[in-house]
Amino acid sequence: MATSAPELPYAKIREDLFRPLSGGSARYWITICAALSIVILGLVAWSIQVRDGMGVTGLNRPVFWGFYIVDFVFWIGISHAGTLISAILRLTDAAWRKPVTRAAEAITVFCLMIGGMFPIIHLGRSWLFYWLIPYPNPRLLWPNFRSPLLWDLVAILTYVTGSVIYLYLPLIPDMAQLGEHNVPWRRRLYRILSLGWTGSDREWHALERAMKLMACIILAIAVSVHTVVSWDFAMSIAPMWHSTIFGPYFVVGAIFSGIAALLLVMGTLRRALGLELYLTKHHFNNLSKLLLLMSLLWFYFTFAEYQTVWYGNEPSEMAVFASKIRGPYAPFFWTMVFCNFVVPFILLGIKKLRTITTAMIASVCVLIGMWLERYLIVAPTLGNPRMTSAAGVYVPTWIEFAITAATFSGMIVLYLLFSKLFPIIAVWEFKPHPVEEE
Amino acid sequence: MADFREQSKLEAAILALKAAGIDADDMDVFSEEPVEFRRGILDRPSRMSLVAVLGAITTGGLATAGVFAAQHNYRLITGGMPVFSFWGTGVITYETTMLGSVLATFGWFLWESGLLRKRDHNIPVPTVLPGVMCLRVRCSDPHVTRVRQILDSAGATDTVRKEVA
């Protein structure tokens, strides 16, 4: 006779998921300090750029977009991890999503915060960023509403607002619980943030309805945001940018890198916070399959894009094509193909090889590959404009490297702080479940 | 206030109270996780979807009108092309429409859940243990005995009477 696996009681779930909020190991603080020191280095680099001007970067004519725009597209892409994946899984009522969604939603908010900084850094005169906002002013200048750059601003502001609310709503019941037993400052914080939640059926009804509605709305926003980001490129007639598939191509790439980021964060949190009973092999297996699917889709879109260019044989497009396939950008291009397609295909496609460790290795590769993909979209096209005599080369400086590294470290700092303030898994959503055998 | 450990008993209590003339608005169920009732037990009608749509239309419409007004007041040189075009404004209209629905949904959630409204702090709120559902019934003095009988016969594990201060 089959015996059912022992079930985790609710009290243990609560204790396990609230425990990481208190205290902090030496390893935790060392990681925070190391990441913060890189963030400080990035701030120093940025302050030098503000003092001396954009000349300290490798940006030049005709390559006037470089690392900053690459980073912007990359981070906005990763932001699709959370809200989009969480919304899809919530709407399809996938039961396995519950331990995954909050980790994913937090990624979205932090990535948007980081990604949203890059247009400001890229402006050079960052203190004038508010000129982007349409308001009547004595200069009698209004932003050009037809510019995809302004569309970007509106789209990202909408996405940030939606994502913060989407993260905040399911946190309310957990914060109400945390407000009951805690040290005074935390108790005050959680009580304020939980808005006096009592757990009545009216509140639960409203919360569930709001979450369902928000999931629908956020899906529509997420798809539009990365489409608008792609239009920053596709609306110009630059070679290999002016493409109708750029919208879906960017969305696919965004979800692809987003899932990779989510797997990486989940794997790290599982070990660091001792959540082995909650983030199980089952979750990694499902997300690995999704990552593999997105890898295949990404390959399909990339192949379709390059095949069309090659077949068209249009000289200015072929100059960009050649620079990527066999020119100065070839090492990056083939590394991208290896990281985004070969590695996930082997590690995640062969069932025997698909483990938590290989899923994390594949995720790291995908993140590297997707950053390179963004770089290969930006730099080669600008370096090979239609007027061949204006061709140029982009060589980034340490300032750009430092600011890029700082954003990755900034992400680590934000996530570590978040995991100490809020439960990384929604306790109220997490019903008692059988313990999974590893 | 009465504690229940089984949802079926709680549902039976609610139905019996409704049959005894207690209004659904005078009943609240408190729990640490959402309790899903069958239709007709304790329905809470909502206008959240409608509000989200209205919010979307309002914000999207206002933003589009704002862009229209701005473009006509500060004319850009467009080389003979129309100053205002839906193709050029479509993204802004779309995004602000979505923003409107997000804000309206959130605002209505706060209103409908009662979190935003001024509370009557005199009404007691139970402390609920994990796995327990607490039914709070508001009724006047003459009905207390009857309500208590219904709750006890439905299988409440702990029934407490609390006066509104």
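Chain order of the listed sequences is A and B.
As numbered in our numbering, the first sequence has no gaps in its residue numbers, which increase by one up to the final residue, 442.
As numbered in our numbering, the second sequence has no gaps in its residue numbers, which increase by one up to the final residue, 175.
Beta carbons: idealized from backbone N, C-alpha and C, even for Gly.
Small disclaimer: the values here were computed from a predicted structure and weren't measured.
- Less than 9 Å separates the beta-carbon of residue 16 of chain B from that of residue 165 of chain B.
- Using beta-carbon distances, residue 120 of chain B counts as an interface residue toward chain A, with a partner under 9 Å.
- Just so you know, the alpha carbons of residue 25 of chain A and residue 420 of chain A end up roughly 10 Å apart.
- Secondary structure at residue 220 of chain A: helix, using DSSP grouped into helix, strand and coil.
- The beta carbon of residue 208 of chain A sits closer than 9 Å to some beta carbon of chain B.
- Contact residues of the region 210-226 of chain A toward chain B are 210, 211, 212, 213, 214, 217, 218, 221, 224 and 225 (C-beta to C-beta distance below 7 Å).
- The contact set of residue 169 of chain A on chain B, defined by CB atoms closer than 7 Å, consists of 112 and 116 in chain order.
- Put simply, the CB of residue 159 of chain B is far from chain A, with every gap to its CB atoms at 9 Å or more.
- The straight-line gap separating the alpha-carbon atoms of residue 84 of chain A and residue 305 of chain A is approximately 18 Å.
- Any Cβ of chain A closer than 9 Å to the Cβ of residue 81 of chain B would place that residue at the interface, and such an atom is present.
- Inclusion of residue 225 of chain A and residue 166 of chain A in the CB contact set at 9 Å is warranted, their separation being smaller than that value.
- Residues of the region 36-54 of chain B with a Cβ closer than 7 Å to any Cβ of chain A, in chain order: 38, 39, 40, 41, 42, 43, 44, 45, 52 and 54.
- Looking at the DSSP output, residue 38 of chain B sits in a beta bridge with B:146.
- In the DSSP assignment, residue 96 of chain B falls within the unbroken alpha helix (DSSP H) covering 96-123.
- For residue 101 of chain A, the number of other beta carbons within 10 angstroms of its own is at least 16, and it is reported as buried.
- Scanning B:156, B:134 and B:151 for the CA closest to the CA of residue 39 of chain B turns up B:134.
- Every unbroken stretch of the alpha helix (DSSP H) spanning 4 or more residues and falling wholly within the region 278-333 of chain A is given here in chain order: 285-316 and 319-329.
- Residues of chain B whose Cβ lies closer than 8 Å to the Cβ of residue 159 of chain A are, in chain order, 101 and 105.
- In this structure, residue 101 of chain B lies away from residue 234 of chain A, with their beta-carbon atoms at least 9 Å apart.
- The beta carbon of residue 399 of chain A lies closer than 8 Å to those of 62 in the same chain, with the five residues before and after it left out.
- Close CB contacts of residue 230 of chain A within its chain, under the 6 Å cut and outside five residues either way in sequence, are with 254, 255 and 258 (chain order).
- For residue 294 of chain A, the closest of A:316, A:402, A:266 and A:283 by C-alpha to C-alpha distance is A:266.
- Residues of chain B whose Cβ lies closer than 9 Å to the Cβ of residue 201 of chain A are, in chain order, 123 and 125.
- In the DSSP assignment, residue 22 of chain A falls within the alpha helix (DSSP H) that extends over 14-22.
- Between the beta-carbon of residue 270 of chain A and that of residue 107 of chain A there is about 6 Å, and that keeps the pair under the 8 Å contact cut.
- Neighbours of residue 86 of chain B in chain A, taken as residues at a C-beta separation under 7 Å, are given in chain order as 148.
- Spanning the alpha carbons of residue 36 of chain A and residue 432 of chain A requires a straight line of approximately 29 Å.
- Counting every other CB atom within 10 Å of its CB across the protein chains shown gives residue 393 of chain A a total below 16, marking it as exposed.
- Any Cβ of chain B closer than 9 Å to the Cβ of residue 247 of chain A would place that residue at the interface, and such an atom is absent.
- Between residue 123 of chain B and the set A:212, A:105, A:141 and A:72, the nearest pair of CA atoms involves A:212.
- Per DSSP, reduced to three states, the secondary structure at residue 169 of chain B is strand.
- Only exposed fits residue 59 of chain A, as fewer than 16 other CB atoms lie within 10 angstroms of its CB.
- Our two residues, residue 144 of chain B and residue 196 of chain A, have alpha carbons roughly 24 Å apart in a direct line.
- Per DSSP, residue 73 of chain B is one residue of the alpha helix (DSSP H) stretching across 58-83.
- Where residue 38 of chain A is concerned, there is no enclosing beta strand (DSSP E), although the alpha helix (DSSP H) around it starts and stops at 30-56.
- Looking at the DSSP output, residue 12 of chain B shares a beta bridge with B:145 and B:169.
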